[in-house]
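Colleague: Numbering (the UniProt record's numbering), first residue to last: 1 to 107.
Yeah, the Cβ is synthetic: ideal placement off N, Cα and C, and Gly gets one too.
One structure, as structure tokens, below. Some questions next.
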């Protein structure tokens with residue numbers, strides 16, 4: 001397994017996820033009641049805020065898991081499925097660097 005390639009991919013994913021978190025934080029700011037945006041528009045804004053809140057939480061979790069993956073990349077059990085103890089294919093790790101299970105155990 002090419003850990004330098006995986007490390008580079010994790011660092012890129014951390015940077016991208018960090019930018020997403022900042023974007024979602026901006027989108028989840030409270031909507032001031034004095035903003036005259038109309039009742040229907042306010043309802044849409046509230047609905048969009050809840051969707052963005054969920055996306056923010058997912059991005060923060062991904063960020064945390066990527067940081068953990070980066071800290072463990074040099075461990076001897078990095079890239080080993082935590083359930084079946086078989087190697088996780090490098091392609092899966094490159095696609096989802098924070099993966100801790102193989103495809104079969106992920107479901």
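Measure from the alpha carbon of residue 82 to the alpha carbon of each residue in 74, 6 and 103, then state which is nearest.
Modeller: Ranking 74, 6 and 103 by Cα distance to residue 82 puts 103 first.
Colleague: Which residues does DSSP pair with residue 87 in a beta bridge?
Modeller: Answer is 80, bridged to residue 87.
Colleague: Is the separation between the beta-carbon of residue 80 and that of residue 88 shorter than 8 angstroms?
Modeller: It is a contact, given that the beta carbons lie within the stated cut-off.
Colleague: On the three-state DSSP scale, how would you describe residue 1?
Modeller: Note: residue 1 maps to coil in three-state DSSP.
Colleague: Residue 62: which of 20, 105, 3 and 107 sits nearest, CA to CA?
Modeller: Closest by alpha carbon: 20.
Colleague: So, are the CB atoms of residue 6 and residue 73 less than 8 angstroms apart?
Modeller: Yes, they are a contact pair.
Colleague: By Cβ distance below 7 angstroms, which residues in the same chain neighbour residue 65 in space, the five residues on each side in sequence not counted?
Modeller: Excluding residues within five positions, the ones whose Cβ falls inside 7 angstroms are 98.
Colleague: Tell whether a beta-carbon distance below 8 angstroms holds between residue 24 and residue 52.
Modeller: A contact, by the Cβ cut-off of 8 angstroms.
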